[in-house]
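*Asks:* Residue numbers (our numbering): 766 to 1079. Glycine residues also receive a C-beta, built at the ideal position from the N, C-alpha and C atoms. Keep in mind that this is a model prediction, so the values were computed, not measured.
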Amino acid sequence: MTFVLDTDSLPSEHRTDALRDAIAHATVPSLIRLEDAEHVRARLGYWELGGGTSVYSHEGTGLRLTRGPAQLRVAAPERVALALQTGGRGEYRQAGASRVVDPGDLMVVDLSIEYDYWWTGEGGSFAVQVDHEHLGMPADAIRRAAARLDPSSAVHTLVRAHLEHLRASIATIGAIPGAAGPVGSATVELVRALLMDAAAEPLDLTPDARLAAVRHWIHRHLADPALTPQRIADAHGISLRSLYNIWSHPELSLSQWIIHERLEAVRRELSRPDSDRAPISAVARRWGFTDMPYFSRRFRESYGASPRDWRRSH
């Protein structure tokens, strides 16, 4: 889902309601207070990148977003927002801590607990929202890192630059078929790197968190034909036996799951209206298949049609 709201394009009597509705759809439930409801102005954008990751951009007149017990009862997803202040001076409070953010500053907000964020006059923020499960980190480590961001860190500088570039190009990325997923995956990796760097101590991941991290890593490297269980284990600093011990799926082994995810990626590409621009073999190779007869056989077994027939009928 993608949408952009520019209140300047609306009659003045509809702007406040339209803005409240757009904020409600772009992020978690919050109490929305506008500094000047009669003269509200805002430009808001929302883009989904896939994999539990979305982008929310807001620029305009002053407002305050508050999540208290009432809003948490409506919805409290395990989700974190990494935000870049893009205009004005913002302030936020969470977990007993307060902070001022100027343009160019980063802040981490845990959307699953109470918080208060606002700016006055003209201001803006650009935020990446990521589900906890895709970060593969315990909630307490995420909250600890949120209070320890170090602007002098090389990782902090890298992530801030990424958000600045993402902000400048998000509308274009959202319009390119197949681009949002890889960009979302790269963004999640950078958010994780920032949080782990800020946590300032080794993370003792739970089995579920470790499994989530492994699955996410596999998805990022799904297109690599050299992807093997041993390489996955090496990338996570664990033995092959440990990898198999944490892997859990009711029906598929690790290797089978990798093949299934690759087939799903090919199927999605072949289902797009513009899929006939690339040979089927090129699409398959793009997702890690090197043996075309094997790929065709597995595709037919999974979907009941050859890749060519599937593309023709979808």
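#1: Rounded to the nearest angstrom, what separates D1039 and A1070 at their Cα positions?
#2: Determine the burial state of T922: buried for a count of at least 16 other Cβ atoms within 10 Å of its Cβ, exposed for fewer.
#3: Are the CB atoms of Y880 and Y857 within a distance shorter than 8 Å?
#4: If we ignore side chains and look at the alpha-carbon of each, how far apart do S1061 and A944 end up?
#5: How should R913 be labelled, buried or exposed, when 16 other C-beta atoms within 10 angstroms of its C-beta is the threshold for buried?
#6: The alpha helix (DSSP H) with G949 in it runs from where to where?
#7: Report yes or no: do the region 780-789 and the region 848-856 share at least 3 C-beta pairs separated by less than 8 Å?
#8: Does DSSP classify W982 as helix, strand or coil?
#9: What is the rounded straight-line gap between the Cα of L1083 and the Cα of I878?
#10: Just how far apart, CA to CA, sit A789 and P990?
#11: How many Å lie between A977 and M902 at the Cα?
#12: By how many angstroms is the C-alpha of D915 removed from the C-alpha of L830?
#13: Pull up the distance between the alpha-carbon of G833 and that of R798, whole angstroms please.
#14: How many Å lie between H1025 and S1013 at the Cα?
#15: Any contact of the region 840-851 with the region 798-808, i.e. 3+ C-beta pairs under 8 Å?
*Replies:* The relevant details are as follows:
#1: 19 Å
#2: exposed
#3: yes
#4: 25 Å
#5: exposed
#6: 945-964
#7: no
#8: helix
#9: Nothing about residue 1083 can be reported from this structure: the residues present for the chain run from 766 to 1079 only.
#10: 42 Å
#11: 9 Å
#12: 25 Å
#13: 13 Å
#14: 15 Å
#15: no
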